[in-house]
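Residue 70 in our numbering sits at position 70 of the sequence shown; the count goes up by one each step and never skips.
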Amino acid sequence: MPETMPLDADAIVIGGGFYGAVVASYLASERGMARVILIERESRLMQRASFSNQARVHNGYHYPRSFTTAYRSRVNLPRFMREWDSAVHSDFLKVYAIARRNSKVTAAQFVRFCRTIDAPLELAPASLAKLFNPHLIERAFIAQEYSFDSERLRQLLETRLARAGVHLSMGHEATAVQREIDAVRVCMRSVDGRTTTSMVAGHVFNCTYAGLNLISGPHGHSHASLKHEITEMVLIKLPPALEGLGITVMDGPFFSVMPFPARRSSTLSHVRYTPHTAWIDTPARNPYAELESQARSSRFNYMLRDAARYLPSISKAVYQQSLFEIKTVLVKNEGDDGRPILFESYPQLPGYSTILGGKIDNIYDVIGHLDMISFHTSP
Ligand SMILES: Cc1cc2nc3c(=O)[nH]c(=O)nc-3n(C[C@H](O)[C@H](O)[C@H](O)COP(=O)(O)OP(=O)(O)OC[C@H]3O[C@@H](n4cnc5c(N)ncnc54)[C@H](O)[C@@H]3O)c2cc1C
Numbered sequence: 001m002p003e004t005m006p007l008d009a010d011a012i013v014i015g016g017g018f019y020g021a022v023v024a025s026y027l028a029s030e031r032g033m034a035r036v037i038l039i040e041r042e043s044r045l046m047q048r049a050s051f052s053n054q055a056r057v058h059n060g061y062h063y064p065r066s067f068t069t070a071y072r073s074r075v076n077l078p079r080f081m082r083e084w085d086s087a088v089h090s091d092f093l094k095v096y097a098i099a100r101r102n103s104k105v106t107a108a109q110f111v112r113f114c115r116t117i118d119a120p121l122e123l124a125p126a127s128l129a130k131l132f133n134p135h136l137i138e139r140a141f142i143a144q145e146y147s148f149d150s151e152r153l154r155q156l157l158e159t160r161l162a163r164a165g166v167h168l169s170m171g172h173e174a175t176a177v178q179r180e181i182d183a184v185r186v187c188m189r190s191v192d193g194r195t196t197t198s199m200v201a202g203h204v205f206n207c208t209y210a211g212l213n214l215i216s217g218p219h220g221h222s223h224a225s226l227k228h229e230i231t232e233m234v235l236i237k238l239p240p241a242l243e244g245l246g247i248t249v250m251d252g253p254f255f256s257v258m259p260f261p262a263r264r265s266s267t268l269s270h271v272r273y274t275p276h277t278a279w280i281d282t283p284a285r286n287p288y289a290e291l292e293s294q295a296r297s298s299r300f301n302y303m304l305r306d307a308a309r310y311l312p313s314i315s316k317a318v319y320q321q322s323l324f325e326i327k328t329v330l331v332k333n334e335g336d337d338g339r340p341i342l343f344e345s346y347p348q349l350p351g352y353s354t355i356l357g358g359k360i361d362n363i364y365d366v367i368g369h370l371d372m373i374s375f376h377t378s379p
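This is the structure in structure tokens:
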């Protein structure tokens, strides 16, 4: 009989973004795993996509072309609000405005869609509607949507992980996974390149988002086709006329303004200008290296000029900073903009799973999946 490999941990989670941190804390506190290790290449948790995003707690409105994503947002939002209460900001008015031209939905279709997903929607009062150019905006509505403070989420997660006894291995990068008897070995190195080591666990979860396919092993790659984008979110100071507002123009090559509580600021993003480069995932291109090597010239002026056609007062917004990050999405959702999670296991490497989080709130779809798995842990 082959001997069982002694384990360094019940589970190793690779990637300390929102997904990896929540998964590690769940395994330790909900599933009774005594030894959980979280490996993160940055020196702190949540420094990548979980920080540099639009901070929107989705409530369905954004997805008129993907009923499933809209519906899941409606289901997940109340749970997210309860669990992360002190990180959720609701002290702003959220306006969805429908463009007259080039929009994939009309105002009437948007109203019907919101009714279908049972999302509250009111016609914007004249005082708000008049902010928009009536030649380009068909109608403006008030919606119920919130934003999250990713700094606060990080603090809450750090406390949770400490309480749950999760061991953090910061500044370490997983490079490969290997099959052992009833276990998985994770090979890693310190990011300063000084040390290499490996650890063995019964279960390994790769939650590295843009880095999902960079960890080599007998499993090969994700079965799903992934697309990476180098994105620019611009932090702006809103002019007085727009203070206290979040604004999204639907549904096509338009823009969004959302509060960004982690910096007490607002983001400006634009469907046409926020993605600087995009490519289909291939082993030949490391997304993190691509981001490092890109010239970071801002497209703020293009974003602002186009947004001001619809919302003239935004022309007085003041540029603060650009957040460049990699956004990873499923190619299959190119057409409908849906953001499901991807949870994959591999027959070549039992005990190893990869998890791609589409957006922050559908962490609960991952937890739902994990709830159905029975884990064997060492005594
Ligand atoms: C521009 C943009 C706007 C977005 N807007 C929104 C929004 O408004 N609302 C919303 O809900 N979602 C939004 N998203 C999506 C959301 O940000 C992601 O779904 C979410 O952050 C994914 O979390 P994660 O933990 O999987 O990824 P990440 O936060 O990127 O975490 C992955 C971690 O893995 C680490 N890592 C990578 N490789 C390795 C390795 N080999 N070894 C060790 N560590 C490794 C990374 O350093 C990183 O910390 C947006 C994303 C982007 C980029």
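We put the CB at the ideal spot given by N, CA and C, even for glycine.
When secondary structure is reduced to three states using DSSP, Arg189 falls in the strand class. Put simply, the backbone Cα of Lys227 is about 25 Å away from that of Leu235.
Rounded to the nearest angstrom, the Cβ distance from Arg41 to Asp10 is 22 Å, too far for a contact under 8 Å. Excluding five sequence positions before and after Leu323, the CB atoms of its chain that fall closer than 6 Å to its own CB belong to Ser52, Met233, given in chain order. Listed in chain order, the non-local C-beta contacts of Asp118 below 8 Å within the same chain comprise Arg74, local neighbours out to five positions each way being set aside. Sequence-distant partners of Thr195 (beyond 5 residues in either direction) whose C-beta falls short of 8 Å from its own C-beta, in its chain, are Arg189.
Ranked by Cα distance from Arg299, the options Leu38, His270, Ile314 are led by His270.
Counting along the chain, the unbroken beta strand (DSSP E) around Val257 starts and ends at 255 to 260.
By the C-beta density criterion, Ile373 is exposed, having fewer than 16 other C-beta atoms within 10 angstroms. Proximity of the segment 82 to 99 to the segment 125 to 145 meets the contact definition, three or more beta-carbon pairs being nearer than 8 Å.
In its chain, beyond the 5 residues on either side, Arg41, Met188, Arg189, Val191 have a beta carbon closer than 7 Å to the beta carbon of Glu173. Separation of Phe110 and Arg272 (C-alpha to C-alpha, rounded to the nearest whole angstrom) is 21 Å. In this structure, DSSP gives Ile363 a helical state, which the three-state scheme calls helix. Leaving aside the five residues that flank Arg309 on each side, the residues in its chain whose CB is nearer than 7 Å to its CB run, in chain order, Asn133, Leu136. Between ligand 1 and the CB of Asn333, the shortest heavy atom gap is not smaller than 7 Å. Approximately 25 Å separates the beta-carbon atoms of Glu229 and Thr175; this is outside 8 Å, ruling out the contact. Restricted to the segment 53 to 130, the beta strand (DSSP E) segments that are unbroken, complete and at least 3 residues in length are 93 to 99, 121 to 123, listed in chain order.
Minimum Cα-Cα distance from Gly17 among the listed residues Leu349, Ala99, Gly211 corresponds to Gly211. Annotated three-state conformation of Glu151 is helix, per DSSP. The beta carbon of Gln47 sits closer than 7 Å to at least one heavy atom of ligand 1.
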